[in-house]
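Per the numbering used here: the sequence shown ends with 551, consecutive numbering throughout. Yeah, the Cβ is synthetic: ideal placement off N, Cα and C, and Gly gets one too. Since we're looking at a predicted model, the values are computed, not measured. Structure record follows, encoded as structure tokens.
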Amino acid sequence: MSPNKGSEIITLQFGQYSNFIGTHWWNLQEAGFDYTPDLISDINHDVLFREGLNHRKEVTFTPRMLLVDLKGSLQTCVNDLYEDVTTQADILNSITTWSPDKVEIVNDSSTSSSKTNEFQEDLKKLENNREGVLSEVVDYKDYNLEDNVNYWSDFMRTRYHPRSFNVVNEYQHGNTGQPFDCYLQGVEVWKSEAMCEEWTDKVRAFVEECDCLQGFQILSDATSGFAGLCSSSLQHLKDEYSTKATLVFPVTPPRTSESDFKLRTVNTVLMMASLGELADMFSPLSLSPDCWNQTETYRQFPLLEYKPSLLYHSSAIVSSLLDTLSLSYRLRGGSGLSLRDLCSFLTPVGRKAATTSLSLPWPMKHAQSLLECLEQWEGPLSTPLTPYSNLDEVAIQVLNLRGEDGHKMFPKDMSNRDRSSNPAYSCTTVHELFQYFLSCDMPRTLHRVYSSSQPIKTINPYPDFFSKRVSNHGCVNEPLEEKERVKHVPMLGGLHCCQGSGAMLSDLHSAVRRINIKTLPAFLSLDKTDFDETLEAVMSLSDNYKDEYEL
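See below:
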């Protein structure tokens, strides 16, 4: 895909919600591929993708990624890059290290492949060039996926390498009688040979393929057993690849019930304490601003009409943010930051927790220039996606703006006199103009700004949840009489070192202090002294954000 090699990053995904987010994220990246001859994208896709050959000697381009999920979660997974017909049993067979003649595949109705939906059926036809299904039809057809997505594989468009799949066979997806809902369960699963040795072997295989590995970006469910599994894997990465950077995004889905509130919160605090020790930087993500309390509130976005109860919707928003945030270490030609430098820049004096934010879409009007948009802006530039955090007292931030190519930087009707009196007109690129605006608007904050001309491509299976004010090309207008399918949108994403991150950790600490852990049977084996040390570690992380710690 690109003449530039090196600077690779390995992505790790732990848990159902993380895999919902990851599925959207890989779909978004592949939607941004441009196959126009001699046109080089400003995004280096080799950072997160890898070239390979399948058994038909065809060149493949798949994510450099390992995912972990429960038995029964790969119901509609399609993997025809490497297999002609793939069911869950095929995937499990393809990733085993044993000789095929010594393996018995048992057909279990609880894990058998489910019927694929219309979207997946059309993808098969498109890939096989059958029945005249054109790419543009698949891109914009109304599949009503809101009512047809039960698993993340139901909207999986990007194909994965067989090595990417890892299954926790001790626990069944959707089994309420034996749920995988405790941090300590994840720690125990890691100790099993099937998980620890096979997973670490696959990581090593990806590492050995790399010319110059930057590190690991990690998505993990924070409220279930996957929190413990992720923390255990991080210890391995720290031991084996100590010179490589680790950026972790613990994710929490919108709340669905009150009964698991205490368990979810204790799982989260155990994970946060481990991340403070093992990760170079971490940033919790959730569309619930107060997900550690017994309330059901959700982030609101003025130009989105999403349904918080749908993982398919909420994960799309989070994936858009991650795709935009990662631009700073995916830009071509050394114009961005390395993963290590990004983490170091945002984590002075032990401030390892960062706050994330987004503006989706970036609300520029059709006839408006970027300068006019910035000068007329009122209020915060973006909405936080980190629980309990706000953007007050931002000390350091990295902002990525995408979808603005520089053709609309300035108003066309400005006189030469107006131009000479405004220093903004000396800027020659989008990121220079945005950097100048921030230096005037937030003079006490240290900024790094990056930009890409490539917008977020919102083709299927991305949800069509934009309001009627958003045109099909992502501009903001007066409400349209008939809603248009939005094809792409500009977007802003940010990572911030701010007081809000300390407040987030302090609120989590307070929430756990109100829980009597002895009332949770899942944690009866947890030593009280160890748990008290965990809470102390989280409070110490929070203390790093106090005013007396000058930057």
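Do you know offhand how far residue i's Cα is from residue j's?
| i | j | result |
| --- | --- | --- |
| Leu358 | Ile456 | 13 Å |
| Lys546 | Gly502 | 8 Å |
| Leu339 | Phe61 | 22 Å |
| Thr96 | Cys210 | Because Thr96 carries a pLDDT of 48, less than 50, the predicted location of this residue cannot be relied on, and no value is offered for it. |
| Leu346 | Tyr425 | 30 Å |
| Leu327 | Arg50 | 17 Å |
| Met539 | Cys182 | 22 Å |
| Thr297 | Pro423 | 43 Å |
| Ser453 | Thr428 | 14 Å |
| Lys352 | Cys343 | 8 Å |
| Ser94 | Thr295 | With a pLDDT of only 49 at Ser94, under 50, the local geometry of the prediction cannot be trusted, and the value read off the model is given with reservation. If you take the alpha carbons of Ser94 and Thr295, they lie about 44 Å apart. |
| Ser420 | Asp413 | 14 Å |
| Trp199 | Glu432 | 43 Å |
| Asn129 | Asp341 | 45 Å |
| Cys291 | Leu385 | 11 Å |
| Tyr35 | Arg332 | 17 Å |
| Leu237 | Val248 | 12 Å |
| Asp108 | Asp260 | Because Asp108 carries a pLDDT of 41, less than 50, the predicted location of this residue cannot be relied on, and the following value inherits that uncertainty. Each residue's alpha carbon lies about 29 Å from the other. |
| Leu480 | Asn472 | 11 Å |
| Thr116 | Leu535 | 45 Å |
Run through the DSSP bridge pairs and tell me what residue i is partnered with.
| i | result |
| --- | --- |
| Asn166 | Val68 |
| Ile218 | Leu12 and Val248 |
| Ile43 | Leu331 |
| Ala353 | Phe282 |
| Glu51 | Phe61 |
| Gln172 | Lys71 |
| Lys365 | Val476 |
| Gly494 | Ser357 and Leu399 |
| Tyr556 | Not covered by the structure: residue 556. The range shown for the chain is 1 to 551. |
| Val470 | Val476 |
| Thr383 | Leu358 |
| Ile456 | Val489 |
| Leu213 | Glu8 |
| Val394 | Cys498 |
Looking only at C-alpha atoms, which of the options sits nearest to residue i?
| i | options | result |
| --- | --- | --- |
| Tyr151 | Val187, Ser18 and Arg204 | Ser18 |
| Ser320 | Gly333, Leu285 and Thr347 | Leu285 |
| Pro254 | Arg264, Pro423 and Phe14 | Arg264 |
| Gly15 | Ile218, Asp323, Asn44 and Ser471 | Ile218 |
| Ser73 | Lys57, Phe180, Leu134 and Leu508 | Phe180 |
| Ser335 | Arg163, Ser420, Ser451 and Val538 | Ser451 |
| Gln376 | Thr386, Leu385, Lys365 and Pro384 | Lys365 |
| Gln185 | Phe261, Ser525, Val248 and His55 | Ser525 |
| Glu127 | Thr158, Asp147, Gly474 and Asp290 | Thr158 |
| Val251 | Ile317, Val430 and Val394 | Ile317 |
| Val562 | Val149, Glu208 and Leu234 | Residue 562 cannot be examined here, being either before or after the span of the chain that is shown, 1 to 551. |
| His13 | Phe437, Glu482 and Val203 | Before going further, note that residue 13 is Gln rather than His in the sequence given. Closest by alpha carbon: Val203. |
| Val430 | Glu478, Cys373 and Asn293 | Cys373 |
| Ala522 | Glu58, Gln178 and Lys115 | Gln178 |
| Ala281 | Gly32, Leu39, His496 and Lys57 | Note that residue 281 is Met in the sequence shown here, rather than Ala. Closest option to Met281, Cα to Cα, is His496. |
| Lys533 | Lys141, Asn472 and Leu270 | Checking the sequence shown, residue 533 turns out to be Glu, not Lys. The shortest C-alpha separation from Glu533 is found at Leu270. |
| Pro173 | Ser224, Gly350 and His161 | The residue asked about is misnamed: residue 173 is His in this sequence, not Pro. Closest option to His173, Cα to Cα, is Ser224. |
| Arg485 | Glu536, Lys141, Tyr329 and Trp25 | Lys141 |
| Glu378 | Leu337, Asp441 and Leu123 | Asp441 |
| Val349 | Asn544, Thr246, Val59 and Ser7 | Asn544 |
| Asp323 | Pro37, Ile40 and Val47 | Val47 |
Once you ignore the five residues that flank residue i on each side, which residues in its own chain have a CB closer than 6 Å to its CB?
| i | result |
| --- | --- |
| Ile10 | Arg64, Phe206 and Phe216 |
| Tyr306 | His313 and Phe465 |
| Phe555 | Residue 555 cannot be examined here, being either before or after the span of the chain that is shown, 1 to 551. |
| Leu446 | Ile396 |
| Ala511 | Thr265 and Trp292 |
| Asn267 | Tyr183, Thr223 and Ala227 |
| Ser232 | Val187 and Trp190 |
Near residue i, which residues of its chain fall below 8 Å by C-beta distance, leaving aside the five closest residues on each side in sequence?
| i | result |
| --- | --- |
| Leu303 | Leu360, Pro361, Pro363, Phe466, Ser467, Arg469, Val470 and Val476 |
| Lys408 | Met364, Gln368, Ser369 and Leu370 |
| Ser192 | Glu170 |
Under 7 Å Cβ to Cβ from residue i, same chain only, skipping five residues before and after it: list those, please.
| i | result |
| --- | --- |
| Phe119 | Tyr143, Leu145, Phe155, Asn460 and Pro461 |
| Phe531 | Ile517 |
| Ser389 | Thr355, Gly500, Ser501, Ala503 and Met504 |
| Pro289 | Thr297, Arg299, Pro387 and Tyr388 |
| Ala31 | Lys457 and Ile459 |
Is residue i close to chain B? Criterion is C-beta to C-beta, closer than 8 Å.
| i | result |
| --- | --- |
| Ala395 | No chain B appears in this structure, which consists of one protein chain only. |
On the three-pair Cβ rule with 8 Å, is the region 56–74 touching the region 160–172? yes
Using 8 Å as the cut-off, can you tell me whether the region 483–492 makes contact with the region 510–518, which would need three or more C-beta pairs spanning the two stretches below that distance? no
Cβ contact (3+ pairs, closer than 8 Å) linking the region 400–410 and the region 502–512: no
When you compare the region 224–243 with the region 268–275, are there three or more beta-carbon pairs, one atom per stretch, that lie closer than 8 Å? yes
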